[in-house]
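The numbering used here numbers the first residue of the sequence shown as 1 and each following residue consecutively.
We put the CB at the ideal spot given by N, CA and C, even for glycine.
Fair warning: this is a prediction, and the values are worked out from it, not measured in the lab.
Notes follow the structure.
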Amino acid sequence: VEDREAKMDIVGQLALAFGAESVKKHVRLTPAVIALDWPTDEKYADYALREIRRIKGDDQDAMTHIPWLDHFTTRGADGKMIITPEWPPGFEHHVGCLFAHLFAWQLALDMHAPHTVVFESDGVSGANLAIPVETIQFTVDNAPADYDVLFLNKVEDPALDPRSLVAAASARATDPVSGTEIQFFRYRNPYAAGLSGYVLSDRFLRKIHPYIAEHGADMVDAWLYKLCADPTDERTGEDAVTVLTCYAGVDTKIVERVDEEHSRP
């Protein structure tokens with residue numbers, strides 16, 4: 001019930017910002033994936049793997065050996081998820097969360113969307129969203145041309161990890177309607193966690209499914225941040241090649257508050 005109410009709050013805020021007809025046309029409420037309920041409602045997890053199954057082709061046996069996907073493809077005789085002692089309590093929640101995001105990515109791929117905004121149920125709350133709701137479309141329209149992922153959730157406290165906004169903004173854009181300035185930062189923090197709101201480009205969709213088919217997945221938030229930050233070769237720093245090219249879109253007011261609180265030069 002709580003999750004349903006949170007989703008309806010998102011719909012209501014989007015309707016206020018962009019109009020009911022726009023929301024009706026563009027917004028999709030996607031299901032939560034409850035891994036402990038398998039085999040009940042397993043159609044959602046099965047759909048989430050559609051593109052990866054296509055990539056694997058005739059080698060469907062390999063689906064049982066892909067890290068994290070194997071929690072769905074290899075189950076007990078009763079169809080339930082196998083939970084072994086090495087996994088911590090509540091681990092099944094993270095499996096379900098991964099498959100819920102995979103479901104959204106598969107839906108975006110099937111809809112041939114050039115840009116897809118994904119919110120978790122608490123994604124537009126003031127505690128999480130780094131931009132005003134009414135500037136979401138403007139932020140997407142002005143995102144850096146090479147972005148794979150654009151994070152809209154608030155960044156970590158730089159006092160805990162200064163790499164969160166270590167570089168100057170790579171671009172800025174001011175919404176002519178609200179007057180809000182959005183700063184875009186190249187995002188390279190491999191230790192971040194929490195994934196309440198983000199934008200996917202079609203480039204991300206072309207990259208992520210083959211990557212999962214080859215390497216598997218992980219806990220979705222920390223894993224996605226690592227794909228944005230960990231170098232794929234020996235180079236490090238600003239010229240490092242990463243699996244994904246990621247940015248954070250942040251309201252300048254938030255950036256200024258961070259600067260003031262932590263004296264970022």
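If you reduce the DSSP assignment to three classes, tell me which class residue i lands in.
i: residue 140; result: helix
i: residue 66; result: coil
i: residue 5; result: helix
i: residue 96; result: helix
i: residue 112; result: coil
i: residue 160; result: Low per-residue confidence applies at residue 160: pLDDT is 49, beneath 50, and the placement is therefore not dependable enough to give any value.
i: residue 166; result: At residue 166, the pLDDT of 48 sits below 50, so the modelled position is not reliable and the matter cannot be decided from this model.
i: residue 129; result: strand
i: residue 173; result: strand
i: residue 250; result: strand
i: residue 118; result: strand
i: residue 186; result: strand
i: residue 149; result: strand
i: residue 21; result: helix
i: residue 86; result: coil
i: residue 181; result: strand
i: residue 53; result: helix
i: residue 191; result: coil
i: residue 135; result: helix
Taking the alpha carbon of residue i as the reference point, which residue from the options has its own alpha carbon closest?
i: residue 94; options: 79, 169, 35 and 207; result: 35
i: residue 223; options: 131, 134 and 242; result: 242
i: residue 72; options: 215, 185 and 98; result: 98
i: residue 130; options: 4, 261, 252 and 239; result: 252
i: residue 199; options: 183, 127, 114 and 70; result: 114
i: residue 64; options: 230, 216, 228 and 118; result: 216
i: residue 132; options: 180, 204, 66 and 79; result: 180
i: residue 3; options: 169, 219, 29 and 24; result: 29
When burial is assigned at 16 or more other CB atoms within 10 Å of the CB, is residue i buried or exposed?
i: residue 212; result: buried
i: residue 10; result: buried
i: residue 116; result: buried
i: residue 160; result: At residue 160 the pLDDT is 49, less than 50, meaning the model places this residue with poor confidence and gives no usable figure here.
i: residue 22; result: exposed
i: residue 81; result: buried
i: residue 20; result: exposed
i: residue 195; result: buried
i: residue 162; result: Here the model assigns residue 162 a pLDDT of 48, short of 50, so the residue's position is not dependable and the matter cannot be decided.
i: residue 177; result: exposed
i: residue 7; result: buried
The stretch 98-116 in contact with the stretch 39-54 per 3-pair CB rule at 8 Å: Yes, they touch.
Beta strand (DSSP E) runs wholly inside the stretch 196-244, at least 3 long, in chain order: Residue ranges of uninterrupted beta strand (DSSP E) with 3 or more members, entirely inside the stretch 196-244 and ordered along the chain, are 197-201.
Stretch pair the stretch 53-67 + the stretch 173-188: three plus CB contacts closer than 8 Å: Because the criterion of three Cβ pairs below 8 Å is not met, the stretch 53-67 and the stretch 173-188 do not touch.
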